[in-house]
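Contents: one structure, followed by commentary.
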Amino acid sequence: MSALGAGAAGAIDVAEFRFISELVRDRSAIVLEPGKEYLAEARLMPLARREGLSRVGDLVTRLKREKDGPLHRRVVEAMTTNETSFFRDQAPFAALREVVLPALIEKRRQRRRLRIWSAAASTGQEAYSIAMVLAESFARELAGWDVRIIGTDLNAEVLERAREGSYSQLEVNRGLPAAMLVKYFERAGMSWRIGSALRERVEFRELNLAERWPASLELFDVIFMRNVLIYFDIPTKRTILGQVRRTLAPDGVLFLGAAETTLQLDDHFERIKVERAGCYGVRP
Ligand SMILES: C[S@@+](CC[C@H](N)C(=O)[O-])C[C@H]1O[C@@H](n2cnc3c(N)ncnc32)[C@H](O)[C@@H]1O
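Here the sequence shown is numbered in my numbering, starting from 572 and rising by one per residue.
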């Protein structure tokens, strides 16, 4: 019998999985298709154990009994995929350095203000990679400018890590050039902590992309929204791209992940031809 069958001792059953996927979809818009039971089991078993429970099914019973509590939130957080790395995919950061920022800086010489958003920032590597691009290549040009990088995510736990800015040896080995490690990080026991100058450049906040974004959200010149739309259904992707259009400066640039596109979702966007960078602007 399959691990999902009614007889498999301890494993999540169909109704329990349905409960979890509805909860996760309601709170985050993340779609857990049938067949992802193994994922729910693997992600939620540690949480069940921390709660003193021996099965994910018992966690579901508690969730039903407690109605809306912190446990619901922790379940949703546990079901988010937080995979990220410094300078992930490289090409978007090369495009930022070589094409996008030089053009935007030229256009903003009067206002001397830049806003960059790492939406779905996870543990912060993307936002700090952007900060390093600014520090490495534009420090002189941007001296005295009002420059801010905002990182947001649904998951409060990863945001806490992002704010702390401490990374293991394994994490800094993934994508971060050694010269940048030496220049921008300091040793903190077994970890590496991003230096305060760059840490202060980035502000991390909670924001659920699937909800209506706060009216107070600033207008951004660059939005990195990478490797998150893939988890949503088509109507949610459309609603989010509609909100991006209202939050992106008319000449701003949106970066999506390598497996993501605006094609057949939102015709107001057009692809900017920068090799392998997945960047889009809004049609005039
Ligand atoms: C795979 S990570 C991508 C991190 C980074 N952008 C990158 O490309 O390396 C996806 C992130 O999206 C976040 N996420 C998922 N659903 C979300 C939602 N509805 N609103 C905001 N963030 C969400 C997850 O918590 C996770 O940290």
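By construction, the Cβ of each residue, glycine as well, lies at the ideal position given by its N, Cα and C atoms. Note that this is a predicted model, so its numbers are computed, not measured.
Point to revise | Any non-hydrogen atom of ligand 1 closer than 7 Å to residue 652 Cβ | key: yes
**Study point:** Supposed close pair residue 733, residue 698 - CB separation, criterion 8 Å
**Key:** 7 Å
Review point. Can you tell me the Cα-Cα spacing of residue 765 and residue 785, whole angstroms?
Key: 29 Å
Review point. Does the region 645-660 come close enough to the region 753-760 to have 3 or more Cβ pairs within less than 8 Å?
Key: no
Review point. Would the C-beta of residue 732 count as close to ligand 1, meaning under 7 Å from any of its heavy atoms?
Key: no
Practice item. Assuming residue 687 contacts residue 701 (C-beta within less than 8 Å), just tell me the rounded distance between them. Key: 6 Å
Check your understanding: Taking just the CA atoms, how far does residue 619 sit from residue 645?
Key -> 11 Å
Exercise for review: Would you check if the distance between the CB atom of residue 803 and the CB atom of residue 746 is smaller than 8 Å?
Suggested key: no
Practice item. At 3 residues or longer, and completely inside the region 587-639: list those beta strand (DSSP E) runs for me, N to C. Key: none
Practice item. Assign residue 753 to buried or exposed, taking buried as 16 or more other Cβ atoms, counted over all protein chains shown, within 10 Å of its Cβ. Key: exposed
Practice item. Whole angstroms is fine: what's the gap from residue 669's alpha carbon to residue 826's? Key: 14 Å
Practice item. Can you have a look at residue 518 and say buried or exposed, based on whether 16 or more other CB atoms are within 10 angstroms of its CB? Key: No answer is possible for residue 518: the residues shown for the chain start at 572 and end at 855.
Practice item. Reducing DSSP to helix, strand and coil, say where residue 552 ends up. Key: Because the chain here runs from 572 to 855, residue 552 falls outside it and cannot be looked at.
Practice item. Can you have a look at residue 582 and say buried or exposed, based on whether 16 or more other CB atoms are within 10 angstroms of its CB? Key: buried
Point to revise | Boundaries of the alpha helix (DSSP H) in which residue 702 is found, first to last residue | key: 696-709
Review point. Could you give the distance in angstroms between the alpha-carbon of residue 563 and the alpha-carbon of residue 627?
Key: One cannot answer for residue 563 here, as it falls past the ends of the chain, which runs 572 to 855.
Review point. Is the beta carbon of residue 859 within less than 7 Å of some heavy atom of ligand 1?
Key: This structure leaves residue 859 out entirely; the chain is present only between 572 and 855.
Practice item. Would you kindly work out how many angstroms separate the C-alpha atoms of residue 742 and residue 755, rounded to a whole number? Key: 15 Å
**Study point:** contact_flag[the region 789-796, the region 809-822] where n(CB pairs < 8 Å) is 3 or more
**Key:** yes
Check your understanding: DSSP three-state call for residue 856: helix, strand or coil?
Key -> Since the first residue shown for the chain is 572 and the last is 855, residue 856 is missing from the structure and cannot be characterised.
Exercise for review: Tell whether a beta-carbon distance below 8 Å holds between residue 847 and residue 662.
Suggested key: yes
Check your understanding: Which residue comes first and which comes last in the alpha helix (DSSP H) that contains residue 755?
Key -> 749-755
Check your understanding: Should residue 543 be counted as a contact of ligand 1 given a C-beta to heavy atom distance under 7 Å?
Key -> The structure shown does not extend to residue 543, since the chain is modelled only from 572 through 855, so no value can be given for it.
Point to revise | Local conformation of residue 771 per DSSP, three classes | key: coil
Point to revise | Nonlocal neighbours in the same chain, by C-beta distance under 6 Å from residue 808, ignoring five residues either side | key: 800 and 836
Point to revise | Alpha-carbon to alpha-carbon, residue 797 and residue 781 | key: 15 Å
Point to revise | Residues that residue 851 bridges to, as DSSP identifies them | key: 825 and 842
Exercise for review: State the start and end residues of the unbroken beta strand (DSSP E) segment that holds residue 657.
Suggested key: No beta strand (DSSP E) holds residue 657; DSSP gives it neither H nor E.
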